[in-house]
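Chemist:
In the working numbering, the protein residues as written are 73 to 192.
1. Hey, how far is the Cα of residue 110 from the Cα of residue 137?
2. Going by Cα to Cα distance, which pick from 101, 146, 174 and 106 is closest to residue 133?
3. Tell me whether residue 127 sits in a helix, a strand or coil according to DSSP, three-state version.
4. How many whole angstroms separate the CB atoms of residue 191 and residue 139, which I take to be in contact at a CB cut-off of 8 Å?
5. Can you name the start and end residues of the beta strand (DSSP E) that residue 182 belongs to?
6. Quick one: residues in its chain with C-beta nearer than 6 Å to the C-beta of residue 130, no 5 flanking neighbours on either side, listed in chain order?
7. By the 10 Å Cβ neighbour count, where 16 or more other Cβ atoms means buried, how is residue 103 classified, buried or exposed?
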């Protein structure tokens, strides 16, 4: 039954959509919004990290990145300006920056010029 329905849809359209056509309605991908609020401790950490120019390199599709952001909370992540989107199809992607920094996986924190891969 599913095959018959798919055949009817594709015959009505004339052909399968290209990957670009499939992406067109969605455009750039954004990470899920951060649902948690920051604790006082997370906000203090955020201030210290911001003072050191820390960055968190990640990808919109990365579950560990989402977990890291939820741990710190929306206020700490927003105020810190830490997040750098590395996925080429991500909203505001800075893939070249990620490559230049030597990021090999997500999330990766950069603090004081040193890279710290993985959730912290």
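In this text, a Cβ means the ideal position worked out from N, Cα and C, and glycines have one as well.
Modeler: By the coordinates alone:
1. 16 Å
2. 101
3. strand
4. 6 Å
5. 180-183
6. 137, 178 and 179
7. buried
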